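Visitor:
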Amino acid sequence: MTRPLPTPVTDDHIHIDPVNGRGLEAAKEFQRAGGTHLFLVSKPSWSFGIAPAKGGDFVPVFEGTLSIARGIREMGIGVFPVLGVHPAEITRLAEVMDLARAERVMTEGLDVAAGYIARGEAIALKSGRPHYEVPPEVLAASNRVLRHALVLARENNCAVQIHAEGGPCADVPGMAREAGLAPGRVVKHFATPGTPLVPSLIARHEAIPALAREGRPFMMESDYMDENSRPGSVIGPKSVPRFTRRLLEAGELSEEAAYRVHAETPSRTYGVEIHLP
Ligand SMILES: [Zn+2]
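Going by our numbering, 1176 is the number at position 130 of the sequence shown; the sequence numbering is gapless.
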């Protein structure tokens, strides 16, 4: 066991996949490196071999995610499940059905996810819009799906993690306010520092020391996919604890700043409690 870190260490966006990846072994690696809490994000339906035709088809995706969450929790790691519909699903859906129906499958899937939040089984929604170039009608449909997610978040008093195009997403705070949701409850996954949303930065992001010194609120993530078929395409489950330790030891992150990144900001954004175990 490596020396424990002085603060909680929270991965704001990680996937653990016992079928296609290393599963609990990857979570163990996170813990051994000093990780204490993680936001477990549901994977796209295709990772489960599901081709959804209605919102209810996401149930096995969410149940699968929650079952992994229980396994990780038993290891003594704090787990916060984030459920939703990956924005890229719309492209796959629109290949096999018309766009209006694809949009409905997406919004219904989010309704199902919101049910888990209402019952206290998950803590945040995942939504967004394609991070790649899409035809204008697909972008418009995706923005309607995102608006739906923001309304569901307001109704359930929860946060939304969004996966979207690179860049600030400058229009999203306005969309959130229109939905009645405070923009401080919208997290940009794989963020760049300029976003007006709450940035979740990849652990190796070079702007972390500067942002920490400025006292800017942000979180750290690995975006570990846990897929054995793509071992080189991602950084490992240890990356958030590893980079945190490195920055602390180099004096580039004060203990106070680390506490802000790993406990204060996620607690405030998601409405959860994060303490040292
Ligand atoms: Zn991800």
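All C-beta atoms in this analysis are idealised placements derived from N, C-alpha and C, irrespective of residue type, glycine included.
None of these values were measured; they are calculated from a predicted model.
Mind checking Thr-1111: buried by the 16 CB within 10 Å criterion, or exposed?
Guide: As a first step, residue 1111 is located in the sequence shown; it is residue number 65 there, counting from the start. It counts as buried.
Visitor: Roughly how many whole angstroms lie between the Cα atoms of Leu-1227 and Ile-1136?
Guide: Here residue 1227 refers to the residue found at position 181 when the sequence shown is read from its first residue. Here residue 1136 refers to the residue found at position 90 when the sequence shown is read from its first residue. Taking the straight line from one Cα to the other gives about 24 Å.
Visitor: Using the rule of at least 16 other Cβ atoms within 10 Å of the residue's Cβ for burial, across every protein chain shown, is Pro-1052 buried or exposed?
Guide: Residue mapping note: residue 1052 aligns to position 6 of the sequence shown, counting from 1. Under this definition Pro-1052 is an exposed residue.
Visitor: Going residue by residue through the region 1209-1250, where are the continuous beta strand (DSSP E) segments of at least 3 residues, counting only ones entirely within it?
Guide: 1232-1234 and 1244-1248
Visitor: Express the C-alpha separation of Arg-1068 and Arg-1138 in angstroms, rounding to a whole number.
Guide: As a position in the sequence shown, residue 1138 is number 92, starting the count at 1. As a position in the sequence shown, residue 1068 is number 22, starting the count at 1. Cα-Cα distance, rounded: 26 Å.
Visitor: Within 7 Å: the Cβ of His-1308 and any heavy atom of ligand 1?
Guide: Here residue 1308 is taken as the residue at index 262 of the sequence shown, counted from 1. It does not: the Cβ of His-1308 is nowhere closer than 7 Å to a heavy atom of ligand 1.
Visitor: Should Ala-1258 and Val-1307 be called a contact, given that it needs their Cβ atoms to be closer than 8 Å?
Guide: The residue labelled residue 1258 in the question sits at position 212 within the sequence shown. The residue labelled residue 1307 in the question sits at position 261 within the sequence shown. A contact, by the Cβ cut-off of 8 Å.
Visitor: Spell out the partners DSSP gives Ser-1173 in its beta bridges.
Guide: Against the sequence shown, residue 1173 aligns to sequence position 127. Ile-1208.
Visitor: Would you mind reading off the limits of the alpha helix (DSSP H) that contains Arg-1157?
Guide: As a first step, residue 1157 is located in the sequence shown; it is residue number 111 there, counting from the start. Checking the sequence shown, residue 1157 turns out to be Asp, not Arg. For Asp-1157, the uninterrupted alpha helix (DSSP H) run begins and ends at 1145-1164, by DSSP.
Visitor: Return the bridge partner residues of Leu-1299 from the DSSP annotation.
Guide: Mapped onto the sequence shown, residue 1299 falls at position 253. According to DSSP, which records beta bridges pairwise, Leu-1299 is partnered with nothing at all.
Visitor: Kindly indicate which three-state DSSP category Gly-1117 falls into: helix, strand or coil?
Guide: Locating residue 1117 in the sequence shown gives position 71, where the first residue counts as 1. Residue state, collapsed to three classes: helix.
Visitor: Between the Cα of His-1209 and those of Ile-1254, Gly-1130, Gly-1155 and Gly-1261, spot the shortest distance and give me the residue it belongs to.
Guide: Here the question's residue 1209 lines up with position 163 in the sequence shown. Taking the Cα of His-1209 as reference, the smallest distance to any Cα among Ile-1254, Gly-1130, Gly-1155 and Gly-1261 is reached at Gly-1130.
Visitor: Just tell me which of Val-1105, Pro-1090 and Glu-1141 has its CA closest to the CA of Ala-1159.
Guide: Working through the sequence shown from its first residue, we reach residue 1159 at position 113. Ranking Val-1105, Pro-1090 and Glu-1141 by Cα distance to Ala-1159 puts Val-1105 first.
Visitor: Tell me, which residues are paired with Thr-1056 by DSSP?
Guide: Translated into positions along the sequence shown, residue 1056 becomes position 10. Thr-1056 pairs with His-1083.
Visitor: Counting Cβ pairs, one atom from each stretch, are 3 or more of them under 8 Å apart for the region 1280-1297 and the region 1075-1095?
Guide: The region 1280-1297 is in contact with the region 1075-1095.
Visitor: Starting from Met-1265, follow its DSSP beta bridges and name the residues at the other end.
Guide: For the purposes of this step, residue 1265 is taken as the residue at position 219 of the sequence shown. Beta-bridge pairing links Met-1265 to Ser-1246.
Visitor: Taking only heavy atoms of ligand 1 into account, decide whether any of them is closer than 7 Å to the Cβ of Val-1286.
Guide: Here residue 1286 corresponds to residue number 240 of the sequence shown, with the count starting at 1. No - ligand 1 has no heavy atom lying nearer than 7 Å to the Cβ of Val-1286.
Visitor: In or out: Asp-1217 buried (at least 16 other Cβ within 10 Å) or exposed?
Guide: Numbered from 1 along the sequence shown, position 171 holds the residue referred to as residue 1217. Exposed, by the Cβ-count rule.
Visitor: Does the separation of the CB atoms of Glu-1273 and Asp-1063 fall below 8 Å?
Guide: By one-based count along the sequence shown, residue 1273 stands at place 227. By one-based count along the sequence shown, residue 1063 stands at place 17. It is a contact, given that the beta carbons lie within the stated cut-off.
Visitor: Could you tell me the boundaries of the alpha helix (DSSP H) in which Phe-1076 lies?
Guide: Residue mapping note: residue 1076 aligns to position 30 of the sequence shown, counting from 1. Its alpha helix (DSSP H) spans residues 1070-1078.
Visitor: Specify whether the region 1158-1174 and the region 1193-1203 touch according to this definition: at least 3 beta carbon pairs, one from each stretch, less than 8 Å apart.
Guide: yes
Visitor: Quick one: is Asp-1269 buried, meaning 16 or more other Cβ sit within 10 Å of its Cβ, or exposed?
Guide: Within the sequence shown, residue 1269 is the residue found at index 223, counting from 1. That one is buried.
Visitor: At a cut-off of 7 Å, would you count Asp-1057 as near ligand 2, judging by its Cβ distance to the nearest heavy atom?
Guide: In the structure on display, ligand 2 does not appear, and the ligands it does have are ligand 1.
Visitor: Using DSSP with H/G/I as helix, E/B as strand and the rest coil, what is Leu-1192?
Guide: Counting from one through the sequence shown, the residue named residue 1192 turns up at place 146. Note: Leu-1192 maps to helix in three-state DSSP.
Visitor: What are the boundary residues of the alpha helix (DSSP H) that Val-1125 is part of?
Guide: Taking the sequence shown and counting its residues from 1, the one referred to as residue 1125 is at position 79. Segment 1124-1130 is the beta strand (DSSP E) holding Val-1125; no alpha helix (DSSP H) there.
Visitor: Quick check on this structure: which residue in Leu-1247, Leu-1243 and Glu-1154 has the alpha carbon closest to the alpha carbon of Thr-1290?
Guide: The count along the sequence shown starts at 1 and reaches residue 1290 at position 244. Looking at the Cα atoms, Leu-1247 is the closest of the given residues.
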